[in-house]
Amino acid sequence: MTTPAHTGQPRLDLRTAAPKAAKALYAADQAILTSPLDPTLRELIKLRVSQLNHCVHCIDLHSHDALDMGEKLDRILQLSAWRESALFTPAERAALEYAEAATKLTEHGVSDEIWAGVRDIMSDEELGALVVQVALMNAFNRFGVPLHMPAKQRD
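Numbering of the sequence shown is given in UniProt numbering, commencing with residue 1 and proceeding in unit increments.
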């Protein structure tokens, strides 16, 4: 069964409907901007999590944010197949592996092997920011998808 594309306005504006909660989530996301997590990696994580969750609003937003930060178009285009791509560093691969495992949580959670992969390459502060960023991005996607938040109209 296919779902029709949704255009126009979202079903609900969370900033109006739940202003305190929305403000707190956006503040947490802003706090990660000052963390030691690499900005390029941060945008790749946001984009990959959004791809997995099929959030068109966030895919559009974070693709453009990454491009604006100087990310290469080829890496953005190959992100959905990062395991097959030669364009991602070992550190990026470990972080992407964690982001996917934490997004697709199974009854086993994130494996010790995946955790060790990011643990070996990140400081506690970087790892903490990664954990929070993945969780927040999943939260934002879980607003964007059910509320039918559209991609930004660009000329």
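Heads up, the beta-carbon is just placed ideally off N, CA and C, and yes, glycines get one too.
To the nearest angstrom, report how far apart residue i and residue j are at their CA atoms.
| i | j | result |
| --- | --- | --- |
| R83 | A95 | 12 Å |
| A91 | V132 | 18 Å |
| M149 | H57 | 6 Å |
Below 8 Å on the Cβ atoms is my guess for residue i versus residue j; work out the distance and round it to an integer in Å.
| i | j | result |
| --- | --- | --- |
| A139 | L25 | 6 Å |
| L147 | P10 | 4 Å |
| L33 | K152 | At roughly 20 Å, the Cβ-Cβ gap does not stay under 8 Å, so L33 and K152 are not in contact. |
| Q51 | S80 | 5 Å |
For residue i, I'd like the list of residues in its chain whose CB is within less than 8 Å of its CB, leaving aside the five on either flank, ordered along the chain.
| i | result |
| --- | --- |
| V134 | I45, V49, Y98, A99, A102 and T103 |
| V145 | N53, H54 and C55 |
| I76 | L47, S63, A66 and L67 |
| A28 | V132 and L136 |
Spatial neighbours of residue i within its chain, please: C-beta separation below 6 Å, excluding the five flanking residues on both sides.
| i | result |
| --- | --- |
| F88 | W82 |
Among the options, which has the Cα closest to the Cα of residue i?
| i | options | result |
| --- | --- | --- |
| Q78 | R93, M69 and D68 | R93 |
| I59 | G8, D38, S123 and E43 | E43 |
| P36 | L14, K20, E125 and R119 | E125 |
Using C-beta distances below 7 Å, list every residue in its chain close to residue i, excluding the 5 sequence neighbours before and after it, in chain order.
| i | result |
| --- | --- |
| T40 | M69 and E71 |
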